[in-house]
Amino acid sequence: MLFACKNKPSGIHDTSDVPAYQMEEFKTFYDRFSTDSIFQLEHTVFPLEGLKAQRDSLDVPDPTFRWQKESWILHKPYDDMDGTFSREMLDLNGLVIERISDQSGKYSMERRFGKLSSGWHLIYYREMGMY
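My numbering puts the first residue of the sequence shown at -16, with every later residue one more than the last.
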């Protein structure tokens, strides 16, 4: 039991309390993902799970829908459009969830990033729309 309570040597910091999205490795990935189209395609798991935005109130989401590489529209760096949009980042046991919504909360989108054996990847995308 005494070994479990042992203090860490000085100079060693516990990063378990730091959300994954605040770690340098993820920040570097996220910046490159947003600015490098080839990197983005290489770090997106296709066919990608997610949802297309509903076009009207009669549009029923397709639970089998997957985004395809051939029709992928590249994602650009986050822009709050002069405060029109806000972004929330969450760390769910190492899974980074990004939610962007307008001021009213009526329109939103979500992306999920997971760390795989070959690094961080986009693993889910829900298109901006009314949900």
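Beta carbons: idealized from backbone N, C-alpha and C, even for Gly.
| What's the call for residue 108, buried or exposed, on a 16-neighbour Cβ count within 10 Å? | Counting from 1 along the sequence shown, the entry for residue 108 is found at position 125. With a 10 Å radius around the Cβ and a threshold of 16 neighbouring Cβ atoms, residue 108 comes out buried.
| query | Are residue 48 and residue 59 touching if we call contact CB-CB under 8 Å? | reply | Position 65 of the sequence shown holds residue 48. Position 76 of the sequence shown holds residue 59. Taking 8 Å as the cut-off, the Cβ atoms of residue 48 and residue 59 do not count as close.
| said: Can you tell me where the alpha helix (DSSP H) holding residue 17 begins and where it ends? | reply: On the sequence shown, residue 17 is found 34 positions in, with the first residue counted as 1. Looking at the DSSP string, the run of the alpha helix (DSSP H) that includes residue 17 is 7 to 18.
| request: Below 8 Å on the Cβ atoms is my guess for residue 115 versus residue 37; work out the distance and round it to an integer in Å. | output: The requested residue 115 is not part of the displayed model; the chain covers only -16 to 114.
| said: Do residue 26 and residue 105 count as a contact pair if the criterion is CB distance below 8 Å? | reply: Taking the sequence shown and counting its residues from 1, one reaches residue 105 at position 122. Taking the sequence shown and counting its residues from 1, one reaches residue 26 at position 43. The answer is yes: Cβ separation under 8 Å.
| In three-state terms, what does DSSP make of residue -14? | On the sequence shown, residue -14 is found 3 positions in, with the first residue counted as 1. Note that residue -14 has pLDDT 42, beneath the 50 cutoff, so the model's placement of it is unreliable and the number below is only indicative. Note: residue -14 maps to coil in three-state DSSP.
| message | Taking 6 Å as the limit between beta carbons, can you name the residues of its chain near residue 61, skipping five residues before and five after? | response | Here residue 61 refers to the residue found at position 78 of the sequence shown. 70, listed in sequence order.
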